[in-house]
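Take a look at the structure below.
Rendered as structure tokens:
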């Protein structure tokens, strides 16, 4: 959950920034960011809500920042991706193992 958000420019690239307080401005400036525009949010929000909120602010009307906010909106508010996980194989029972062994013994071996 974030209480502060905005945009900054680093090496010519504009990105949306998330923070918990305004001291983030100092850190961004120290690391070479320019055009740092952070604002306090009306309430603590997660990233998707922050990006949606930024689209209602003056930052979104600034042509320098619109594309970055739209990119963040696509990243955080796009259709959820489905995470595929491997199904765990069930461990065979003793009975199943015995049945397989019995079947293997009774079948003739092809030469």
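Residue numbers (my numbering): 262 to 372.
Using N, Cα and C, we set each Cβ at its ideal position, and we do this for glycine too.
Residue i, DSSP secondary structure in three states
i           : result
residue 356 : helix
residue 319 : helix
residue 331 : helix
Extent of the continuous beta strand (DSSP E) to which residue i belongs
i           : result
residue 296 : 295-306
Opposing strand residues paired with residue i [DSSP bridges]
i           : result
residue 276 : 269
residue 263 : 306
Contact set for residue i: own chain, Cβ-Cβ below 7 Å, skip 5 residues either direction
i           : result
residue 357 : none
residue 262 : 305, 306, 307
residue 332 : none
residue 337 : 308, 309, 312
Cutoff 8 Å; reference residue i; Cβ partners in own chain excluding five residues on either side
i           : result
residue 295 : 269, 270, 271
residue 363 : none
residue 293 : 271, 272
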